[in-house]
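2 protein chains.
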Amino acid sequence: MYPNWILQRAYLTPLREALTYEGQTWTFNELNELAIKRARQLTALGIQEGDRIAIMGPSMPNLIVMMYACMHLQCELVMLNRRLSASEIAYQLADAEVVALLVADEDANKLPQNAPVHLFSVIEQGIEKEVTIAKEWPLEQTTSIMYTSGTTGFPKGVRQTVGNHQASATASVLNLGLHIGDVWLCAVPLFHISGFSILVRSLLYGNKVHLYEQFDVDAITHNIVNGDVTHMSVVAVTLERILHVLEEKNAKASSRFKMMLAGGGPVPVDYLQRAGARNLAVAQTYGMTETSSQTATLASEDAMLKIGSAGKPLFFNQIRIAEPNEQGEGEICIRGPHVTPGYIGRFAQKGATIDGWLHTGDIGYIDKDGYLFVVDRRADLIISGGENIYPAEIENALLAHPAVKEAGVCGKDDEKWGQVPVAYIVLKEPVSVEELISFCKHNLAKYKMPKEINFVHELPRNGSNKLLRRKLKEL
Amino acid sequence: MYPNWILQRAYLTPLREALTYEGQTWTFNELNELAIKRARQLTALGIQEGDRIAIMGPSMPNLIVMMYACMHLQCELVMLNRRLSASEIAYQLADAEVVALLVADEDANKLPQNAPVHLFSVIEQGIEKEVTIAKEWPLEQTTSIMYTSGTTGFPKGVRQTVGNHQASATASVLNLGLHIGDVWLCAVPLFHISGFSILVRSLLYGNKVHLYEQFDVDAITHNIVNGDVTHMSVVAVTLERILHVLEEKNAKASSRFKMMLAGGGPVPVDYLQRAGARNLAVAQTYGMTETSSQTATLASEDAMLKIGSAGKPLFFNQIRIAEPNEQGEGEICIRGPHVTPGYIGRFAQKGATIDGWLHTGDIGYIDKDGYLFVVDRRADLIISGGENIYPAEIENALLAHPAVKEAGVCGKDDEKWGQVPVAYIVLKEPVSVEELISFCKHNLAKYKMPKEINFVHELPRNGSNKLLRRKLKEL
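Going line by line, the protein sequences match chains G and P.
All residue numbers in the first sequence are consecutive under full-length UniProt numbering, ending with 475.
All residue numbers in the second sequence are consecutive under full-length UniProt numbering, ending with 475.
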């Protein structure tokens, strides 16, 4: 059994700053007291220990308080992606069989009809009911569930346990170090593991999170140059935007700033060089929802020596290449206490690991010095602005239209987003591109919408008629 | 399963400095290669995976290599205290049923007769036999066994597992922080958890250990003032000696120096004030063999606010007071992943915990702000220069003499050592103090020898004839 992170941190360092948002700051004690109050209000609404609860809202302090309240009640938190369409959300709610849905007022319009919603504003005004907050959590307890798309196009709900999150945070600190004054800037979504893990680290490390609701590039860059931030998580797109502002203003990161963690796909070499010129240390990482954040991280000091590498595993983790070819390339497999025990809902029976190893589907190799290089993302994965997009999901949406006979989707390089999805369609009957786009909008998040739709006579397939998505690009 | 610490560290940061001793420095890669070679030599001697091995030697690099070799072979390491008498060592060897005894040449004369010894020099010259080094260790694997005296006078062999050590090191880093350039000065015994845990932290954190064979106060103080050290573990006696030299030279700790961890009993307030005047941050800690080092630590910033306190628990730990009296004082109980799963040998059946809580026997209270105060050490424990001495052990040694009818031992305050043991004897027949001292020398470590022997007519006892050791002081 391990201590309830929120209670323990409020006990150990009650007066340390925990959160800053738009000029207002909360200590760990204050956050905990708000979370306990909120837990009592949720209890009055009938929410009980262990319930599975979906939650959605913009990255604001009230979302964090609501998340911590659910954690106090040992609920399983299904973190809903705000960018999803109503039908995508409906799928996740049904798959997760949640007993309640807590939604920020701002996001009420994003929900499917008839969803059993508790609005934040209503909860916050509600009566309280006494409840015992557990002082300890078992390692196996599911803290959070995040949906990640799969090769089949059906998103899978990934369990992230107390043990997964703890292992991730402690392994990370052994790599990055820790100082009492460290401040993490959080402008990545809290519903992604990139943002969620910043909260977990804050609780375990006792350091402050400086939260931004939007990726406000001017405010964030100003903080990096003149402010309190020491660490930040970015994807290539947001890193580039920060670099652009720094260059425009001919400014450098403050000497207080320590490290930028760059995840969600490779960072172009050019960005690394530009970052170096701006005093900005960048550590490339390789991680995923199934590993509760980083599995490998390339130290800043090695960034230029091992260009393109995702680094070495964190201390408690292992990485191996399954069935390597003659060049040493094969499927990247991961093992460690940070790896999910498995999925929920329709994929509950599908084990996440084989003999303890997570088979990522990503292709990579380990060089002679032990550094991991990711060669190709899993099963045609498209990474667009740090969001994972699986072609099959878009193909399924297109195939649902009666005029579509066959559909194939692949990624196309894009200067701003890294990649964007592009579709190739074989038609049964005539239909316009506009009609298809409009049709997909109901079923796909905006960032998944194909940026081009091309009509073709046939799709490239192999002998067993399997779609060869990589050949689509040649069309 | 967790990675083998030594292999993992050598893989992750092969070229970082791991150990400095008398001007010579080894990287993690070099230490690992030496340890693998030594593991092969031990294999050639017939030592196998999982064997229980006793080890003894001065704090020198060859001891560390031998320890790491045994860890590579997943042996259970019985760490022998070099200060023990031959008969005390014989007890531990028999109780632990070790299959081999590895001893530095310098310590060969300290052994009981007929002990099945492998001398370091012989092992180091021996042939090698190929052996597979395990890449992973289970959490439950016993890494080390340390004997701690008990109230019965029979030392108990405490298991310290992979999980215990990892939990201790990760909880400590969340409290003390970590920087890539940190260097721990080690002048505490490696056979104690205080020294052993410095090695574990070095492997997990990737930082350097600066090792001293002896507590050479001038060399150590010079390092604190001008050298590379950032952290150090002390007991009150050694802290005072360092302070004395600093004051004599009117010197201060370098700005590079970060923290002194003071364990093994309370630190006098006067020392803390003197340390402050010398720029020396001191964190008081409370820990024991059964908790693989620190359980609670008082932050330096709180040292003067909470004088006499041992601080708050480390992040993954919990402390409670069992059956508190009206003043809130009761037995200190500890829970967490750092608590031993139990003992070996004659105490193997004795569980270490009750409902997951270790009952320490120490008396203390937790103040309104949550800080632990240790009021009285367990069962008349005498702490002399950081070494624990149980009166019963000395009483047993005295009672073995034919002239002794009854014996009672208690601690007496001592300016240098904190406390020293003093004996009260009721005789059957006349005998000299010298004769008794000479008799005890065969069975007791030097630091346990009674500093005074007083002959009395009767010992203070309660209604059920139980010796009242605290009343001895009044005689």
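Where a beta carbon is used, it is the ideal one built from N, C-alpha and C, also for glycine.
A quick note: this is a predicted structure, and the numbers were derived from the prediction, not measured.
When DSSP builds the beta bridges, which residues end up paired with arginine 320(P)?
-> Per DSSP, Cys333(P).
What residues from chain G crowd round isoleucine 36(P), counting only those whose CB sits closer than 9 Å?
-> Result: empty, since nearest Cβ-Cβ is about 16 Å, beyond 9 Å.
With which residues is residue 509(G) paired in a DSSP beta bridge?
-> The displayed coordinates of chain G run from 1 to 475. Any statement about residue 509(G) would go beyond what the structure contains.
Could you say if the region 31 to 42 of chain P and the region 59 to 73 of chain P meet the contact criterion of at least three C-beta pairs nearer than 8 Å?
-> Contact holds: three or more Cβ-Cβ distances are below 8 Å.
For proline 112(P), return the contacting residues in chain G, with the cut-off set at a CB-CB distance below 7 Å.
-> For a Cβ distance threshold of 7 Å, nothing in chain G lies close to proline 112(P): the least Cβ distance comes to about 40 Å.
Does histidine 179(G) have its Cβ less than 8 Å from a Cβ in chain P?
-> With 8 Å as the cut-off, histidine 179(G) counts as an interface residue toward chain P.
Roughly how many whole angstroms lie between the Cα atoms of isoleucine 242(P) and alanine 251(P)?
-> Whole-angstrom Cα-Cα distance: 11 Å.
Cα separation between asparagine 223(P) and arginine 461(P)?
-> When rounded, the distance between both Cα atoms is 51 Å.
Determine which residues share a DSSP beta bridge with glutamate 406(G) and list them.
-> Under DSSP, the beta-bridge partners assigned to glutamate 406(G) are Val426(G).
Under a CB-based cut-off of 8 Å, is leucine 246(G) close to chain P?
-> So no, leucine 246(G) is outside the interface.
Got a sec: which bits of the region 298 to 322 of chain G sit with their beta carbon under 7 Å from any beta carbon on chain P, in order along the chain?
-> So the close ones are Lys312, Phe315, Phe316 and Gln318.
Within the same chain, show all residues whose beta-carbon is closer than 7 Å to that of alanine 253(P), passing over the 5 residues directly before and after it, in chain order.
-> Closer than 7 Å at Cβ, skipping near neighbours: Ile224, Val225, Arg278, Asn279 and Leu280.
As assigned by DSSP and simplified to three states, the class of glycine 5(P) | The sequence shown places tryptophan at residue 5(P), rather than the glycine named in the question. Residue state, collapsed to three classes: helix.
Starting from the beta carbon of glutamine 8(P), find every residue of chain G whose beta carbon is closer than 7 Å, and list them in chain order.
-> Close to glutamine 8(P), with beta-carbon spacing below 7 Å, are these residues of chain G in chain order: Phe315.
Can the beta-carbon of proline 3(P) be found less than 8 Å from the beta-carbon of lysine 129(P)?
-> Not a contact, by the Cβ cut-off of 8 Å.
Threonine 161(P) classed as buried or exposed, judged by whether at least 16 other C-beta atoms fall within 10 angstroms | With 16 or more other CB atoms across the displayed protein chains lying within 10 angstroms of its CB, threonine 161(P) is buried.
Measure from the alpha carbon of glutamine 419(G) to the alpha carbon of each residue in Ser309(G), Val188(G) and Val235(G), then state which is nearest.
-> Comparing Cα-Cα distances from glutamine 419(G) to each of Ser309(G), Val188(G) and Val235(G), the minimum goes to Val235(G).
Chain G contact for threonine 353(P) (CB, 8 Å cutoff) | False, the Cβ-Cβ gap to chain G never drops below 8 Å.
Alpha-carbon spacing of alanine 322(P) relative to methionine 288(P), whole angstroms | For alanine 322(P) and methionine 288(P), the distance between alpha carbons rounds to 18 Å.
Which partner residues of tryptophan 184(G) appear in the DSSP bridge assignment?
-> Within the DSSP bridge table, the entry for tryptophan 184(G) names Val209(G) and His231(G) as partners.
Residue nearest to histidine 457(G) in terms of C-alpha spacing, selected from Asn443(G), Glu434(G) and Lys428(G) | Considering only alpha carbons, the answer is Lys428(G).
Please compile the residues from chain P whose C-beta is within a distance smaller than 8 Å of the C-beta of methionine 79(G).
-> The contacting residues do not exist; methionine 79(G) stays about 24 Å from chain P at best.
To the nearest angstrom, how far is it from the Cα of tyrosine 21(P) to the Cα of histidine 210(P)?
-> Each residue's alpha carbon lies about 6 Å from the other.
Limits of the unbroken beta strand (DSSP E) element including glutamate 124(G) = DSSP places glutamate 124(G) outside any beta strand (DSSP E); the residue lies instead in the alpha helix (DSSP H), whose first and last residues are 120 to 125.
Taking only runs that begin and end inside the region 35 to 87 of chain P, name each unbroken alpha helix (DSSP H) of 4 or more residues, in chain order.
-> DSSP runs (the alpha helix (DSSP H)) wholly in the region 35 to 87 of chain P: 61 to 72.
Should cysteine 75(P) and glycine 46(P) be called a contact, given that it needs their Cβ atoms to be closer than 8 Å?
-> Their beta carbons are not under 8 Å apart, which means cysteine 75(P) does not touch glycine 46(P) by this criterion.
So, using beta-carbon positions, are isoleucine 6(G) and methionine 66(G) closer together than 8 Å?
-> Remark: C-beta atoms of isoleucine 6(G) and methionine 66(G) do not approach each other more closely than 8 Å.
List the endpoints of the continuous alpha helix (DSSP H) containing tyrosine 271(P).
-> It spans 269 to 277 - the alpha helix (DSSP H) in which tyrosine 271(P) sits, taken as one unbroken run.
Coarse secondary structure for lysine 471(G), derived from DSSP in three states = Look at lysine 471(G) here: in three-state DSSP terms it is helix.
Just checking, does the region 320 to 336 of chain P make contact with the region 356 to 369 of chain P on the three C-beta pairs under 8 Å criterion?
-> At 8 Å Cβ cutoff, the stretches touch.
First and last residue of the beta strand (DSSP E) that includes glutamine 141(P)?
-> That residue, glutamine 141(P), is in no beta strand (DSSP E); it is neither H nor E in DSSP.
Would you identify the three-state DSSP class for arginine 241(G), choosing helix, strand or coil?
-> Correct three-state label for arginine 241(G): helix.
Evaluate glutamate 290(G) with the Cβ neighbour count: other Cβ atoms within 10 Å of its Cβ, from every protein chain shown; 16 or more gives buried, anything less gives exposed.
-> It counts as buried.
State buried or exposed for phenylalanine 455(G), treating a residue as buried only when at least 16 other CB atoms are found within 10 Å of its CB.
-> Exposed, because fewer than 16 other Cβ atoms sit within 10 Å of the Cβ of phenylalanine 455(G).
Between the region 126 to 142 of chain P and chain G, which residues of the former have CB atoms less than 8 Å from a CB of the latter, in chain order?
-> Here the close residues are Lys135 and Glu136.
For glutamine 349(P), name the three-state secondary structure that DSSP assigns.
-> DSSP, read as helix, strand or coil, puts glutamine 349(P) in coil.
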